[in-house]
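Beneath this line is the structure, given in structure tokens, with notes to follow.
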Amino acid sequence: MSLPFLDWLGPQEWQAIRLSVQVSLVATILSLPLAIAVAWLLARRNFPGHGLVSGLVHLPLILPPVVTGYLLLITFGTKGPVGRLLEPFGIIFAFRWTGAALAAAIMSFPLTVRAIRLGFEAVDPKLEQAAATLGAPRIWIFLTVTLPLIFPAILAGATLGFAKAMGEFGATITFVSNIPGKTQTLPSAIYALLEQPGGEGPAMRLVLVSIVVALSAVIGSEYLARRMAARR
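If you want it as structure tokens, here you go:
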């Protein structure tokens with residue numbers, strides 16, 4: 001006996017959802033360590049070019065997504081400088097799901113960094129200084145004091161990043177096209193269905209899935225932000 005919810009979505013729709021989840025998880029997991037490092041750098045260090053680094057981090061939010069996708073294509077494509085270097089090692093991004101994950105990671109990176117940076121800025125430096133006076137090494141202070149304090153911010157950033165990755169469209173379709181079963185993520189599937197006669201029904205079902213994912217991410221992020229604020 002099949003579940004009604006499973007019957008509600010067709011095989012092609014489930015395929016797009018599964019690929020979107022796969023792409024978003026890989027994008028979030030791989031970009032999270034770098035996001036933590038960049039957030040710490042922007043929150044805790046003043047250095048020449050601080051504003052430039054912050055601007056570059058937030059650039060994907062400002063640029064048209066198609067521009068980001070084109071830059072990825074000419075850089076990581078098979079004829080691009082980075083793509084040619086990686087191809088002999090079997091690492092190919094253009095027109096592959098790995099390229100969709102790369103595009104999603106870049107587009108969601110600013111949101112992840114922003115949430116984690118706010119977490120670092122909310123930590124009282126006196127707590128870290130107290131641990132330092134006891135002779136604890138900096139890395140140990142970071143791992144045992146700072147990271148636990150900003151853990152809600154990390155979760156909030158990862159949640160927002162995952163939701164943004166799930167909804168990424170412009171950069172992805174420019175970089176890896178819209179190939180069913182290979183690069184067709186949830187937004188690309190909606191776009192393709194709207195281009196087909198009679199595709200409005202399946203497209204609306206995927207729209208509802210997208211709304212649920214986005215709304216859950218926003219609510220989860222707000223909850224984690226309130227928890228972080230309560231710790232101050």
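Numbering follows our numbering, in which position 1 of the sequence shown is assigned residue number 1; successive positions increment by one, without gaps.
The C-beta atom is built at its ideal place from N, Cα and C for all residues, glycine as well.
Closest by C-alpha distance to Tyr223, out of Thr98, Thr159 and Thr146, is Thr159. Following the DSSP letters along the chain, one finds Phe162 inside the alpha helix (DSSP H) bounded by residues Leu147 to Gly167. In the structure shown, Leu208 falls within a helical segment according to DSSP collapsed to helix, strand and coil.
Gly198 carries a coil assignment under DSSP once its states are collapsed to helix, strand and coil.
Taking 9 Å as the cut-off, the Cβ atoms of Val113 and Ala39 count as close.
Contact between Ala35 and Gly157 is confirmed by a C-beta separation of about 6 Å, below the 8 Å threshold. Going by C-alpha positions, Thr28 is about 8 Å away from Phe109. Note that the segment 198-205 does not touch the segment 140-153; fewer than 3 beta-carbon pairs, one per stretch, sit closer than 8 Å. Sixteen is the threshold: when 16 or more other Cβ atoms of the shown chains lie within 10 Å of the Cβ of Ala163, as they do, the residue is buried. For Phe47, the secondary structure class from DSSP, reduced to helix, strand or coil, is coil. Contact annotation: the segment 182-200 touches the segment 7-19, with at least three C-beta pairs closer than 8 Å. In the pairwise beta carbon analysis, the segment 82-101 is classified as not touching the segment 128-136: fewer than three pairs are separated by under 8 Å. Ranking Ala100, Ile62 and Pro65 by CA distance to the CA of Val23 puts Ala100 first.
If you draw a straight line from the Cα of Val66 to the Cα of Phe76, it is about 15 Å long. Taking a C-beta distance under 9 Å as the contact criterion, Leu72 and Ala171 qualify as a contact pair. Proximity to Gly80 across Val212, Phe175, Leu32 and Gly198 peaks at Phe175, based on C-alpha coordinates. The shortest CA-to-CA distance from Leu30 to any of Leu208, Pro197, Asn178 and Ala165 is the one to Ala165.
In this structure, Arg117 keeps its C-beta atom at 9 Å or more from the C-beta atom of Ala217. Here Leu32 is near Gly161, since their CB atoms are less than 9 Å apart. According to the DSSP assignment, Leu134 belongs to no alpha helix (DSSP H), since it is labelled neither H nor E. Assigned with DSSP and collapsed to three states, Leu9 falls in coil, not helix or strand.
Within a 10 Å sphere around the beta-carbon of Ala37 sit fewer than 16 other beta-carbons, which makes this residue exposed.
Taking 9 Å as the cut-off, the Cβ atoms of Ser221 and Ala104 do not count as close. Collapsing the DSSP output to three states places Gln15 in a helix.
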